[in-house]
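In my numbering, the protein residues as written are 75 to 593.
Cβ coordinates follow ideal geometry from the N, Cα and C atoms, glycine included.
Encoded as structure tokens, the structure appears first; notes follow it.
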């Protein structure tokens with residue numbers, strides 16, 4: 075009976091882990107259900123004395139939960155207790171997931187791979203649903219390609235896709251799985267295509283860095299010189315091609331179709347006056363934006379072909395009239411009735427959805443995202459323009475976080491005062507960011523330091539690197555996961571949402587308690 079009960083609790087524990095693995099890419103509801111399953115099973119299992127003994131002397135356990143306990147202590151110097159308690163509730167998995175793993179029956183090798191395979195399968199299903207939404211098979215309103223991530227933020231989803239690709243690659247390398255290798259290759263190919271399709275630069279950069287790390291490990295392995303040489307040639311070619319793409323798009327951005335401003339016409343074909351801004355020479359695909367403009371004709375034409383108000387915002391919260399003018403310019407058209415008449419219905423939908431350049435409408439072309447990022451940097455450099463631009467807005471977020479940290483260096487503003495501190499700092503700086511874009515740091519290291527100061531950051535780093543100090547040897551796959559986590563923290567405050575936090579804590583604990591991922 076005792077053995078039967080042990081097996082039952084272990085199976086429920088495994089079932090709860092699978093629910094989390096499936097729920098992360100597909101359903102937040104499933105993740106919530108899994109919490110109740112796991113915690114309920116843990117309480118019903120009892121054996122609290124032995125559980126306490128399991129964690130009491132475990133330095134690794136206390137290193138993992140230290141940061142959460144420090145967030146609790148951070149309530150002592152906070153003023154907004156409601157926000158602080160809400161934040162602690164969101165971060166609760168940082169406490170109870172390690173508790174569950176350290177006090178539950180250990181899983182065998184087959185169980186770990188079962189959880190990981192369910193996770194990959196869920197990512198594949200989510201990617202199919204997203205693709206179907208983009209092509210209109212599912213009735214989901216999609217403004218841009220990043221909206222196709224139906225169940226989770228496209229950045230969080232991209233991290234899951236990257237982890238799935240890496241896991242499938244490790245499975246592919248295993249010598250005993252010959253029959254499954256074609257399947258693994260197909261899955262890797264599809265997920266890589268989807269990651270490019272999703273246009274998540276965060277995911278693509280992280281995957282590229284992981285590839286570089288993998289190459290370094292490979293070069294130090296005991297492979298033949300010929301094989302290493304061929305591999306290096308392929309990798310070198312891919313690197314040079316990437317450099318070529320960036321350089322080519324950079325040149326296109328600054329390649330200007332020069333004109334003689336003195337010869338510009340004063341009136342449109344319909345007899346209305348043109349407006350030419352000769353001192354503000356911003357370009358789109360080499361064409362000047364602020365010339366040959368007649369908004370009177372544009373507005374009349376727009377009203378006839380769209381339900382959106384000409385003076386409203388597009389789907390990306392940018393002024394629609396500005397998006398329209400940029401789009402026309404990108405195609406080399408005049409900003410009047412003659413140019414507007416050449417736009418197709420597809421062009422109109424793209425403008426409504428916030429595409430300022432016809433090049434951006436091709437989601438599978440990596441040049442699109444490179445061009446967009448270079449354009450954002452150029453506008454930030456020339457005009458300090460940031461609103462709605464994901465990369466350059468982060469520079470403003472980081473600068474604001476830095477100023478808050480300077481005022482509260484050692485222990486931060488407290489667990490509950492982070493949002494209030496950002497609002498106050500934006501007012502002090504008289505920021506150019508519109509109110510809807512006045513967000514928090516979007517960097518996990520800064521987010522922790524704003525809340526808990528440099529002391530809290532130290533505790534956080536101990537929490538992150540606990541696996542390296544707690545085990546003599548970590549599996550290569552675990553190290554790759556930790557790299558995904560650490561790199562994502564640079565661009566995102568991943569742990570400030572329950573989805574991102576669950577992803578990081580769940581896989582940290584799952585892989586820490588498993589030594590079966592070495593290849």
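What residues are listed by DSSP as bridge partners for residue i?
| i | result |
| --- | --- |
| residue 642 | Nothing about residue 642 can be reported from this structure: the residues present for the chain run from 75 to 593 only. |
| residue 357 | 362 |
| residue 347 | 341 |
| residue 393 | 387 |
| residue 367 | 349, 409 |
Taking the alpha-carbon positions, what's the residue i to residue j distance?
| i | j | result |
| --- | --- | --- |
| residue 117 | residue 529 | 34 Å |
| residue 452 | residue 545 | 46 Å |
| residue 423 | residue 132 | 58 Å |
| residue 310 | residue 409 | 44 Å |
| residue 72 | residue 243 | Outside the displayed range of the chain (75 to 593) lies residue 72, so it cannot be described from this structure. |
| residue 461 | residue 543 | 43 Å |
| residue 519 | residue 381 | 44 Å |
| residue 486 | residue 222 | 37 Å |
| residue 331 | residue 450 | 20 Å |
| residue 352 | residue 345 | 21 Å |
| residue 592 | residue 551 | Any answer about residue 592 is weak, because its pLDDT of 45 lies below 50 and its placement is not dependable; what the coordinates show is given next. Computed Cα separation, rounded: 7 Å. |
| residue 333 | residue 368 | 19 Å |
| residue 245 | residue 194 | 12 Å |
| residue 236 | residue 277 | 6 Å |
| residue 504 | residue 191 | 50 Å |
| residue 266 | residue 292 | 21 Å |
| residue 239 | residue 262 | 5 Å |
| residue 434 | residue 143 | 45 Å |
| residue 150 | residue 488 | 7 Å |
| residue 164 | residue 154 | 16 Å |
| residue 103 | residue 227 | 15 Å |
| residue 113 | residue 554 | 29 Å |
| residue 404 | residue 186 | 51 Å |
| residue 359 | residue 326 | 7 Å |
| residue 197 | residue 101 | 11 Å |
| residue 479 | residue 499 | 11 Å |
| residue 96 | residue 536 | 29 Å |
| residue 211 | residue 558 | 32 Å |
| residue 556 | residue 274 | 19 Å |
Helix, strand or coil for residue i? Go by DSSP, reduced to three states.
| i | result |
| --- | --- |
| residue 430 | coil |
| residue 167 | helix |
| residue 409 | strand |
| residue 289 | helix |
| residue 513 | coil |
| residue 374 | helix |
| residue 330 | coil |
| residue 435 | helix |
| residue 302 | helix |
| residue 506 | coil |
| residue 591 | Only weak support is given to the placement of residue 591: the predicted model assigns it a pLDDT of 46, under 50, and the value that follows is read from those uncertain coordinates. Coil, per DSSP. |
| residue 382 | coil |
| residue 294 | coil |
| residue 282 | helix |
| residue 84 | helix |
| residue 403 | helix |
| residue 336 | helix |
| residue 460 | coil |
| residue 101 | coil |
What span of residues does the alpha helix (DSSP H) with residue i cover, start to end?
| i | result |
| --- | --- |
| residue 501 | 492-503 |
| residue 415 | Taken as a continuous stretch (DSSP letters only), residue 415 belongs to no alpha helix (DSSP H), as it is neither H nor E. |
| residue 559 | 550-565 |
| residue 470 | 464-481 |
| residue 544 | 518-544 |
| residue 487 | Note, residue 487: premise wrong, no alpha helix (DSSP H); not H, not E. |
| residue 576 | 572-586 |
Measuring only from the beta carbon, is residue i closer than 7 Å to any heavy atom that is part of the ligand SAM?
| i | result |
| --- | --- |
| residue 556 | Absence of the ligand SAM from the depicted structure is noted, as is the absence of any ligand whatsoever, leaving it without description. |
**Ordered list of alpha helix (DSSP H) runs contained in the stretch 203-278, each at least 4 residues** = 228-247, 255-272
**Message:** What ranges does the alpha helix (DSSP H) occupy inside the stretch 117-202, keeping only unbroken runs of at least 4 residues that lie completely in it?
**Reply:** 122-130, 133-147, 155-164, 167-177
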